[in-house]
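In the working numbering, the protein residues as written are 166 to 406. Notes for the one structure printed next.
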Amino acid sequence: MEEKNLKISIAHLYPKLLNLYGDMGNIITLKKRCEWRGIDVEFEEINIGDSIKNHDLYFIGGGQDKQQEEVAQELYSHKNELTAQRDDGAVFLGICGGYQLFGHYYQPHDKDKLEGISLMDAYTVAGKKRFIGNVTVKTDLGTLVGFENHSGLTYLQGETKPLGTVVVGNGNNGKDGLEGGRFKNVFGTYLHGSLLPKNPHFADYLIELALEKRYGEKIKLTPLDDKLENETHDSLINKNY
Ligand code: GLN
Numbered sequence: 166m167e168e169k170n171l172k173i174s175i176a177h178l179y180p181k182l183l184n185l186y187g188d189m190g191n192i193i194t195l196k197k198r199c200e201w202r203g204i205d206v207e208f209e210e211i212n213i214g215d216s217i218k219n220h221d222l223y224f225i226g227g228g229q230d231k232q233q234e235e236v237a238q239e240l241y242s243h244k245n246e247l248t249a250q251r252d253d254g255a256v257f258l259g260i261c262g263g264y265q266l267f268g269h270y271y272q273p274h275d276k277d278k279l280e281g282i283s284l285m286d287a288y289t290v291a292g293k294k295r296f297i298g299n300v301t302v303k304t305d306l307g308t309l310v311g312f313e314n315h316s317g318l319t320y321l322q323g324e325t326k327p328l329g330t331v332v333v334g335n336g337n338n339g340k341d342g343l344e345g346g347r348f349k350n351v352f353g354t355y356l357h358g359s360l361l362p363k364n365p366h367f368a369d370y371l372i373e374l375a376l377e378k379r380y381g382e383k384i385k386l387t388p389l390d391d392k393l394e395n396e397t398h399d400s401l402i403n404k405n406y
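Written out as structure tokens, the structure reads:
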């Protein structure tokens, strides 16, 4: 199918509350990498109190515990719709706090447990140490670079697989050497940065999955000139400061 006849719908979940460390850059990257190819983008911001329509791709960023609390209850009220969307092949990308809410729960230090929406079989408990710094992750989709700032320790279970293995940094919990999680087309990661501008191969992979969900067939995107993105990516690999 000609890219200029394609369309993709993207929802940004609760950007007014969960949008830490430039996570908005992920939305900008997804939109731009579609528009540069002539793919039409339908975009919707979902805020507290809004209904959630069917989309091909949902993005949620990270935030402090307080903002997570505000979003958790609202997100939980949409659990059934979003689970149906997951089972219909929709793509989800959650960063840090958003990732944590994709699991069964996030247990902060000295507050009540936040119920997650169980899009993936994982759970998170606040640890004593805050993990802050650059992260390099080896994945089946190529290396991913970003940075982490979280005290949450995430543990994957069942059929939920990691995004990859940690080369530099702490990742999910600083113990099992794993970073991120994936179940069906639901992806979570601790990589802020923002993630997608400096990992264009992963951005395109998510767009291709979202197009496959919409059109029911695999669509290989035309490569873009990613010289600048890849130079940035390569300059960050294994940087540990
Ligand atoms: N509040 C969560 C934690 O500290 C998530 C932080 C974030 O989104 N950067 O683990």
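Ideal Cβ positions, reconstructed from N, Cα and C, are used throughout, including at glycine.
Distance between beta carbons of residue j and residue i, contact taken as under 8 Å
| i | j | result |
| --- | --- | --- |
| L371 | L258 | 6 Å |
| G262 | Q238 | Not quite, the Cβ-Cβ distance comes to about 14 Å (not below 8 Å), so this is no contact. |
| A249 | H220 | About 12 Å separates the two Cβ atoms, so there is no contact after all. |
| S359 | D188 | 5 Å |
| N405 | G298 | 7 Å |
| L356 | V300 | 6 Å |
Through-space distance from residue j to residue i, alpha-carbon basis
| i | j | result |
| --- | --- | --- |
| L306 | E235 | 33 Å |
| G226 | E167 | 31 Å |
| N314 | R251 | 27 Å |
| I175 | I193 | 11 Å |
| T397 | N212 | 32 Å |
| G334 | Y271 | 21 Å |
| H274 | N170 | 49 Å |
| L328 | D341 | 13 Å |
| D390 | D369 | 13 Å |
| K276 | L284 | 23 Å |
| L279 | K244 | 13 Å |
| E200 | F208 | 12 Å |
| F348 | G190 | 24 Å |
| N184 | I260 | 9 Å |
| I173 | L247 | 17 Å |
| K326 | N338 | 14 Å |
Quiz prompt | Contained beta strand (DSSP E) runs [length at least 3] in the region 291-354, N- to C-terminal order | solution = With a minimum length of 3 residues, the unbroken runs of beta strand (DSSP E) contained wholly in the region 291-354 fall at 307-321, 329-333, 346-348 and 351-354.
Measuring CB atoms only, is the region 306-320 touching the region 281-295, in the sense that at least three cross pairs come out at less than 8 Å? At 8 Å Cβ cutoff, the stretches touch.
Could you say if the region 350-358 and the region 260-279 meet the contact criterion of at least three C-beta pairs nearer than 8 Å? Touching, yes, given that three or more Cβ pairs across the two stretches are closer than 8 Å.
- Task: Scan the region 198-268 and note each continuous alpha helix (DSSP H) run of 4 residues or more that stays entirely inside, going in chain order.
- Result: With a minimum length of 4 residues, the continuous alpha helix (DSSP H) runs that stay inside the region 198-268 are 230-241, 244-252 and 262-267.
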